[in-house]
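Using our numbering, the first residue of the sequence shown is number 268, and each one after it goes up by one.
This report refers to the structure that appears directly beneath it.
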Amino acid sequence: MIGVPVPDTRQTAPPPPAWEPSRLPDGGLNTSRPSTARIYDHLLGGKDNFAADREAADELVATAPEVVALAVANRYFAARAAAYCATAVDQIIDLGPGLPTPPTVAGAARQVHPDISVIGVDNDPVVLAHGAALAHGARLIAGDITQPEELVRDLHPYCDFTRPVALIAAAVLHFVPGHPASLLRIWREVLAPGSLLVVSHVTGDGVPSETADKVRKVYERSAAPAVFRTEQEIAAMFAGLELVSPGLVDVQRWRPDGIARPVAGMRLLGGVGRVTRP
């Protein structure tokens, strides 16, 4: 996707502080417990994972073979959405970017806008250890996406919230318990008009209950159990926003580069919403 670069009028921001293991769950790296980011990395064919992650990923594939195609489809959805955002904003916050298995949000955005600022927020020690190697110069800070007030405060020195920002939450909110829409409302309070919200989320609609139950059991062993939500619940995350065409759809169908190939079984819905008023 080719877009019109947006002039970069930001002042040079200081680099984010180095991540601190003390801020992470369990005080640091636990290789015996599966990580959602590292399971995803294995599904994408990456190498930055451990035996527990590979075992969990293999269980997912045995339960629902389509998860590999779905993981790839989500990665490309996030890249296409990031490229779209880069035509309209010059700063992106990527919640839970995971490991830099291509294509990345930062790489796709910088193909459109070479000087765009991309800051990732993650709490996986392996992801953070790769921070310096993230593609195309994206910055990375340690943070808990379930604590948006704290994140906004930490991001203030590096992100100008008086101007439009793209907030990307691709395949991450289904690892947040409770009601993610309430977390997003807090972000809405600081996002200027013209800002964009990108979300992809697993849905239980149309998925056999037995399959969903088995997938949930795999993720119960990880630090972040999976939550299947309805299309209506996912749509509520865009409440008050203007949905960008084609709206909330299966990720394969969101502005595909070629033919949108459906994946039978498990489903991820994705969409982009625009903030049109304070």
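Note that beta-carbon positions come from the ideal geometry of N, C-alpha and C, so glycine has one too.
Provide the residue span of the alpha helix (DSSP H) that contains residue i, from first to last.
i, result
"Ser-476", "476-486"
"Gln-308", "It is worth fixing the name first, because residue 308 is Asp in this sequence and not Gln. From DSSP, the alpha helix (DSSP H) with Asp-308 extends over 303-310."
"Ser-299", "Note, Ser-299: premise wrong, no alpha helix (DSSP H); not H, not E."
"Val-328", "318-330"
"Pro-447", "447-455"
Do residue j and residue i come within 7 Å of each other at the CB atom, strictly closer than that value?
i, j, result
"Phe-495", "Ala-479", "yes"
"Ser-467", "Pro-301", "no"
"Arg-520", "Ala-527", "yes"
"Arg-541", "Leu-508", "yes"
"Glu-333", "Val-530", "yes"
"Ala-353", "His-309", "no"
"Ala-405", "Val-419", "no"
"Trp-454", "Leu-422", "no"
"Ile-412", "Leu-458", "no"
"Val-474", "Val-539", "no"
"Ile-306", "Ala-324", "yes"
"Ala-346", "Ala-375", "yes"
"Pro-492", "Ser-462", "no"
"Pro-369", "Gly-387", "no"
"Gly-525", "Phe-344", "no"
Cα-Cα, which of the options is closest to residue i?
i, options, result
"Val-516", "Arg-541, Thr-470, Val-474, Glu-477", "Thr-470"
"Glu-498", "Pro-545, Pro-332, Val-518, Arg-406", "Val-518"
"Pro-367", "Val-393, Gln-378, Pro-381", "Val-393"
"Asn-297", "Asp-382, Pro-370, Asp-391, Ser-384", "Asp-391"
"Ser-233", "Lys-481, Arg-347, Glu-500", "No answer is possible for residue 233: the residues shown for the chain start at 268 and end at 545."
"Pro-444", "Gln-414, Leu-422, Gly-387, Ser-462", "Gln-414"
"Gly-312", "Val-511, Ile-360, Arg-342", "Arg-342"
"Ser-476", "Gly-532, Ala-502, Gly-525, Arg-522", "Gly-532"
"Ala-319", "Ala-329, Thr-303, Thr-330", "Thr-303"
"Arg-522", "Asp-389, Ala-350, Tyr-307, Thr-429", "Ala-350"
"Thr-429", "Val-339, Phe-344, Ser-512, Val-356", "Val-356"
"Val-511", "Thr-543, Asp-524, Phe-442", "Thr-543"
"Pro-447", "Leu-395, Ala-503, Phe-317", "Ala-503"
"Asp-315", "Leu-395, Arg-452, Glu-487, Ala-336", "Leu-395"
"Leu-407", "Leu-440, Gln-378, Ile-359", "Ile-359"
"Pro-460", "Phe-317, Asp-389, Ala-336, Asp-427", "Asp-427"
"Val-439", "Pro-545, Glu-322, Pro-513, Tyr-486", "Tyr-486"
Bridge partners for residue i per DSSP, in chain order?
i, result
"Arg-541", "Leu-463, Glu-509"
"Leu-536", "His-468, Asp-517"
Problem - Ranges of the alpha helix (DSSP H) found wholly within the segment 342-408, counting only runs of at least 4 - result: Whole alpha helix (DSSP H) segments, 4+ residues: 372-379, 392-396.
Problem - Inside the segment 405-438 only - beta strand (DSSP E) runs reaching at least 3 residues - result: Taken in chain order, the whole beta strand (DSSP E) runs of length 3 or more contained in the segment 405-438 are 406-409, 433-437.
Exercise for the section: Run through the segment 487-534 for me and flag every whole beta strand (DSSP E) of 3 or more residues, listed as ranges in chain order. Expected result: As far as the segment 487-534 is concerned, it has no whole beta strand (DSSP E) run of at least 3 residues.
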